[in-house]
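A.B. asks: Residue numbers (my numbering): 723 to 906. Where is the CB? At the ideal position from N, CA and C, for every residue including glycine. Being a predicted model, the structure only gives us computed values, none of them experimental. Sending over a structure as structure tokens; questions will come in a sec.
Given below as structure tokens:
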């Protein structure tokens with residue numbers, strides 16, 4: 723915390739606002755992560771270590787993630803009510819829940835050996851929320867709250883369904899703790 727405040731004051735002396743540093747760091751970190759991931763996909767495809775049939779199948783997880791990145795960046799820039807200033811916690815929660823849902827879908831599809839679905843309804847819902855927010859600025863905050871509620875419910879539902887299917891597959895009851903008999 724102290725290092726950031728000292729560094730921030732130093733850089734603000736040169737006319738660089740803290741928000742520019744923060745956004746640049748986030749964008750740079752995201753870009754580097756995506757490039758490293760893409761490089762790993764290319765290397766695994768060239769070395770024939772990839773489980774996917776084609777290169778397009780290998781990069782298909784990037785499509786919904788890139789779509790989410792673009793939707794949330796556009797929403798934060800064109801927001802008529804400056805949603806990043808008014809409801810930053812709710813907006814960041816929406817970003818986190820949406821990304822974790824897409825990532826969990828990817829993990830489950832990789833674990834089960836099923837092709838990753840490129841289409842994700844939560845990305846489409848984010849686009850609809852963005853368009854509605856820009857078209858009717860008076861309800862933007864309500865649209866954001868509704869989007870976060872739908873995200874939470876769908877993510878919880880996804881988690882419950884996955885647990886139910888896994889417990890059914892392994893023939894275990896995950897929500898019951900067996901009673902242990904102590905031997906005296």
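#1: In chain order, which beta strand (DSSP E) runs of at least 3 residues are fully inside the region 788 to 860?
#2: If you check the beta carbons only, do residue 783 and residue 859 fall under 7 Å apart?
#3: Restricting to Cα atoms, I'd like to know which of 813, 780 and 781 is closest to residue 796.
#4: Please list, in chain order, all residues of the same chain as residue 831 whose beta carbon is under 8 Å from its beta carbon, the five residues on each side excluded.
#5: Let me know if residue 817 comes out buried or exposed under the rule of 16 or more other beta-carbons within 10 Å of its beta-carbon.
#6: Beta-carbon separation of residue 806 and residue 815 under 7 Å?
#7: Run the CB neighbour count on residue 862, radius 10 Å, all protein chains shown included, and call it buried at 16 or more, exposed below.
C.D. replies: So, to answer that:
#1: none
#2: Position 61 of the chain shown, counting from 1, holds the residue named residue 783. Position 137 of the chain shown, counting from 1, holds the residue named residue 859. Not closer than 7 Å, so no.
#3: Residue 796 sits at position 74 when you count from the first residue of the chain shown. Closest option to residue 796, Cα to Cα, is 813.
#4: For the purposes of this step, residue 831 is taken as the residue at position 109 of the chain shown. Within the same chain, residue 831 has close Cβ partners 837, 838 and 839.
#5: Sequence index remark: in the chain shown, residue 817 carries index 95 (1-based). Residue 817 should be labelled buried.
#6: The residue you call residue 806 lines up with position 84 of the chain shown. The residue you call residue 815 lines up with position 93 of the chain shown. Contact flag unset, no.
#7: If you number the chain shown from 1, residue 862 lands on position 140. Classification of residue 862: buried, given that the 10 Å Cβ count is 16 or more.
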